[in-house]
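Visitor: Position one of the sequence shown corresponds to residue 1 (the UniProt record's numbering), numbered consecutively onward.
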Amino acid sequence: MVELRGVVTRLRYFTLGPISTVFGRETYNVVLGPTGSGKSTLLKVIAGIYRASMGNILIDSVDVTREPPESRNVSYVPQGYAVFDHMTVYENIEYGLRFRGVPRQDRRRLIQEIAKDLGIDYLLNRRAVNLSGGEQQRVALARALVIRPKVLLLDEPLSMLDRETRDRIMIMLRELPGRYGITVIHVTHDWDEAYSLADKVFIMREGRIIEEGNPEQVFNKPSRVFTAKFLGFQNIIRGIAEGSIVRLSNEIELRIDEYVDGEVYVCVRPEWIRVARDEGVNIDGHNVLRGVVNEVIRSRFGYQLLVSIGNNLSLTAISSSVFKPGDKVLLLIPRESVHVIKD
1 MVELRGVVTR LRYFTLGPIS TVFGRETYNV VLGPTGSGKS TLLKVIAGIY RASMGNILID
61 SVDVTREPPE SRNVSYVPQG YAVFDHMTVY ENIEYGLRFR GVPRQDRRRL IQEIAKDLGI
121 DYLLNRRAVN LSGGEQQRVA LARALVIRPK VLLLDEPLSM LDRETRDRIM IMLRELPGRY
181 GITVIHVTHD WDEAYSLADK VFIMREGRII EEGNPEQVFN KPSRVFTAKF LGFQNIIRGI
241 AEGSIVRLSN EIELRIDEYV DGEVYVCVRP EWIRVARDEG VNIDGHNVLR GVVNEVIRSR
301 FGYQLLVSIG NNLSLTAISS SVFKPGDKVL LLIPRESVHV IKD
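1. Among the candidates V296, E263, L331, S249, whose CA atom is the shortest distance from the CA of N312?
2. Is Y265 near G243, with beta carbons less than 9 Å apart?
3. Quick check: what's the CA-CA separation for residue 368 versus S20?
4. Roughly how many angstroms separate the alpha carbons of L254 and L331, rounded to a whole number?
5. Does the Cβ of I297 have 16 or more other Cβ atoms within 10 Å, making it buried, or fewer, making it exposed?
6. For V184, I'd like the list of residues in its chain whose CB is within less than 6 Å of its CB, leaving aside the five on either flank, ordered along the chain.
7. Check whether the Cβ atoms of V22 and E193 lie closer than 9 Å to each other.
8. Rounding to the nearest angstrom, what Cα-Cα distance links R100 and I93 in this structure?
9. How would you label A144, buried or exposed, when you count the other beta carbons within 10 angstroms and need 16 or more for buried?
10. If we ignore side chains and look at the alpha-carbon of each, how far apart do Y303 and L289 end up?
11. Hey, how far is the Cα of T65 from the Cα of G55?
12. With a threshold of 7 Å on Cβ separation, who are the neighbours of R277 within its own chain once the five nearest residues in sequence on each side are excluded?
13. Is D327 helix, strand or coil when you go by DSSP?
14. Once the 5 residues before and after D261 are set aside, which same chain residues still bring their CB inside 8 Å of it?
15. Give the straight-line distance between the Cα atoms of I209 and G48, rounded to the nearest whole angstrom.
16. Just to confirm the assignment, what range does the alpha helix (DSSP H) spanning A115 have?
17. Measuring only between beta-carbons, confirm whether F84 sits less than 9 Å from chain B.
18. Would you call the CB atoms of S37 and M204 closer than 9 Å?
19. Three or more C-beta pairs closer than 8 Å, one from the region 1–19 and one from the region 157–167: is that the case here?
20. Have a look at the DSSP bridge pairing and note the partners of H86.
21. Is it true that the region 81–92 meets the region 119–131, where meeting means three or more beta-carbon pairs spaced less than 8 Å apart?
22. Taking just the CA atoms, how far does V307 sit from I333?
23. Have a look at Y259 and I341 and give me their C-alpha separation to the nearest angstrom.
24. So, using beta-carbon positions, are V201 and D155 closer together than 9 Å?
25. Pick from L173, L141, K150, D327: whose alpha carbon is nearest that of residue 366?
26. What does a CB cutoff of less than 7 Å around K39 pick up in its chain, not counting 5 residues either side in sequence?
27. For Q79, which residues from the same chain have a beta carbon less than 6 Å from its beta carbon, with the 5 sequence-adjacent residues on both sides left out?
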């Protein structure tokens, strides 16, 4: 378990924190945030590369705040993997063990075990300079895991990989906490990575963690407007809530599955909106809005439509059917899909 208690780190042009949170034992934790939010800095503070100016860092209830990196039992894999090109794969994996004074025979056994585990035992005698991106990633992981750390820190581990390799590596990453008995903290700005991998998601902004929770909670019912915008809620509109009704304007209102009063933000994902052509559809349990298609953008997931619903209001929806600008449509939004935030 990694616990941060009021941790602050002051750098020349950036301040991290204060941060107080817990990364659970043998869990996969993903830290999300825009560029410059402090994700990588957070990893380096936990690793001991940067020192905390205030607060405490505890690993399994032991305060390591003033301990050097090599005494924390933490492995850090930077974004560029930092594989040594002039060494063989064997020598790369061996590096941390040699540094710790592990005897040669024990080193050989540990290296062969971890290489076989990660499927790179056939690469041990190859020079690292000749490896593909996916192979380099596995070598970097092997070097990090062979020392049997309690905590594994991954900085954008999939950003340099092609889609197919990335999908294969993700399967391997998800197994790490249970397979090696470690806590993983992985930083990224990629939603798919976070949703697929995380037991818990942390959202960072301007050096602070502003929201945390399980992926379903954070992605579908965020508590902050910033989080909703960052995680793809393209439809975010101010409204006035009165019980189970939210008024977006004098003419437009939405029914919701909760009771709220006062000013709110209405948040609806485009994929939660069903687009229909006429009245001959089942509207039970749905909010029904009439509109006109203004723009159509083709995507891998269908057609993204920008639909004007009156009073200078527009909603973005995803449809598998083809529409063109000027088409009149119905937007059907389930009541349970209308998420409101009092921010």
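Glycine residues also receive a C-beta, built at the ideal position from the N, C-alpha and C atoms.
Guide: So, from the data block:
1. The shortest CA-to-CA distance from N312 to any of V296, E263, L331, S249 is the one to S249.
2. no
3. Residue 368 is absent from the structure shown; the chain starts at 1 and stops at 343.
4. 12 Å
5. exposed
6. Y28, L152, L176, P177
7. no
8. 13 Å
9. With 16 or more other CB atoms across the displayed protein chains lying within 10 angstroms of its CB, A144 is buried.
10. Roughly 19 Å between the two C-alpha positions.
11. 8 Å
12. Result list for R277: V329, in chain order.
13. Coil, per DSSP.
14. A241, E242, G243
15. 19 Å
16. 104–117
17. Absent here is chain B; the protein component of the structure consists of one chain.
18. yes
19. no
20. Note: H86 sits in no beta bridge, so no partner.
21. yes
22. Near 13 Å, if we compare the C-alpha coordinates of V307 and I333.
23. 12 Å
24. no
25. Residue coverage of the chain in this structure runs from 1 to 343, which leaves residue 366 outside it and unanswerable.
26. V31, G33, V187, M204
27. D155, E156
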